[in-house]
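A.B. asks: Quick one: this structure, given as structure tokens, is what I'll be asking you about.
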Amino acid sequence: MEVYRLVFEKFADQLYAPGFSGRWNYEGEYVIYAASSRSLASMENMVHKMGQGILGTRFIVMVLDIPDLPITTINLSDLPPDWKLASHYADTQPLGSAWYQSAETLLLKVPSAVVPTENNFVINARHLDFKQVQIKHREPLVYDYRFVAMDKQLRKNSFR
6 MEVYRLVFEK FADQLYAPGF SGRWNYEGEY VIYAASSRSL ASMENMVHKM
56 GQGILGTRFI VMVLDIPDLP ITTINLSDLP PDWKLASHYA DTQPLGSAWY
106 QSAETLLLKV PSAVVPTENN FVINARHLDF KQVQIKHREP LVYDYRFVAM
156 DKQLRKNSFR
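In our numbering, the protein residues as written are 6 to 165.
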């Protein structure tokens, strides 16, 4: 299976899990977030970076090859109505953390907060099968000039 991870060019040499907290994990849990498509990876990146004035930076799409192994899935129906809000990480982090701590599967398939009918994947970098995850190839991603202009304008307005 192919999944897609978008990173700054300087981080594209290897798969790296820094242990930062996220929607599906607590700080100190070493996971890597990836998306089911290039476009979803791009949108996920935009919602986190928009307004920082960095969308003009060169990004790399890492195309990851994941072995055919069992996957743990969290469905939309498993989640409360407001799960997408950043203020509701308390609803999603325990679910992801329980999966991480169990180490039963390499992958956790979760709905995207940006496009809930599409999926992201959380990869457990401490799982025994993590060494089987391969970077198939890397592709440059340059955001459309309209997104870059919007990003710069939002940054400019945020400092007023």
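Each residue gets a CB set at the ideal place from its N, CA and C atoms; glycine is no exception. These figures come from a predicted structure and were not determined experimentally.
So, at 7 Å on beta carbons, what are the nonlocal neighbours of Val52 in its own chain, with the 5 sequence-adjacent residues on each side left out?
C.D. replies: Position 47 of the sequence shown, counting from 1, holds the residue named residue 52. Around Val52: Val119.
A.B. asks: Would you tell me roughly how many angstroms separate the C-alpha atoms of Lys157 and Gln57, rounded to the nearest one?
C.D. replies: Counting from one through the sequence shown, the residue named residue 157 turns up at place 152. Counting from one through the sequence shown, the residue named residue 57 turns up at place 52. Using only the alpha carbons, I get a separation of about 7 Å.
A.B. asks: Whole angstroms are fine: how far does the CA of Asp96 sit from the CA of Gln139?
C.D. replies: Working through the sequence shown from its first residue, we reach residue 139 at position 134. Working through the sequence shown from its first residue, we reach residue 96 at position 91. Near 31 Å, if we compare the C-alpha coordinates of Asp96 and Gln139.
A.B. asks: In three-state DSSP terms, what is Asp73?
C.D. replies: Along the sequence shown, one-based indexing puts residue 73 at 68. Correct three-state label for Asp73: coil.
A.B. asks: Taking just the CA atoms, how far does Gly61 sit from Tyr150?
C.D. replies: Position 145 of the sequence shown holds residue 150. Position 56 of the sequence shown holds residue 61. Approximately 8 Å between the Cα atoms of the pair.
A.B. asks: Suppose only complete runs of 4+ residues qualify. What are the alpha helix (DSSP H) ranges in the segment 20-76, listed by chain order?
C.D. replies: List check, alpha helix (DSSP H) in window: 43-54.
A.B. asks: Which of the three DSSP states, helix, strand or coil, is assigned to Val153?
C.D. replies: For the purposes of this step, residue 153 is taken as the residue at position 148 of the sequence shown. DSSP places Val153 in helix when its eight states are reduced to three.
A.B. asks: Alpha carbon to alpha carbon, how far is Leu74 from Arg143?
C.D. replies: Locating residue 74 in the sequence shown gives position 69, where the first residue counts as 1. Locating residue 143 in the sequence shown gives position 138, where the first residue counts as 1. So the two alpha carbons sit approximately 23 Å from each other.
A.B. asks: Curious, which full-length beta strand (DSSP E) runs of at least 3 residues does the segment 92-116 contain?
C.D. replies: Whole beta strand (DSSP E) segments, 3+ residues: 112-116.
A.B. asks: In whole angstroms, what is the alpha-carbon distance linking Met48 and Ser41?
C.D. replies: Working through the sequence shown from its first residue, we reach residue 48 at position 43. Working through the sequence shown from its first residue, we reach residue 41 at position 36. For Met48 and Ser41, the distance between alpha carbons rounds to 12 Å.
A.B. asks: What residue from Met55, Tyr105, Thr77, Asp83 has the CA that sits closest to Ala154's CA?
C.D. replies: Position 149 of the sequence shown, counted from the start, is the residue given in the question as residue 154. Per the Cα distances, Met55.
A.B. asks: Specify the secondary structure class of Leu81 as computed by DSSP and reduced to three states.
C.D. replies: For this step, residue 81 is matched to residue 76 along the sequence shown. Reduced to three states, the DSSP call for Leu81 is helix.
A.B. asks: Roughly how many angstroms separate the alpha carbons of Pro23 and Asn162, rounded to a whole number?
C.D. replies: Reading the sequence shown from its first residue, position 18 is the one you call residue 23. Reading the sequence shown from its first residue, position 157 is the one you call residue 162. Their backbone Cα atoms lie some 31 Å apart in a straight line.
A.B. asks: Quick check on Val131: does DSSP put it in helix, strand or coil?
C.D. replies: Position 126 of the sequence shown, counted from the start, is the residue given in the question as residue 131. In the sequence as displayed, the identity of residue 131 is Arg instead of Val. Arg131 falls in the coil class under three-state DSSP.
A.B. asks: Are the CB atoms of Leu146 and Phe64 nearer to each other than 8 Å?
C.D. replies: Position 141 of the sequence shown holds residue 146. Position 59 of the sequence shown holds residue 64. The answer is yes: Cβ separation under 8 Å.
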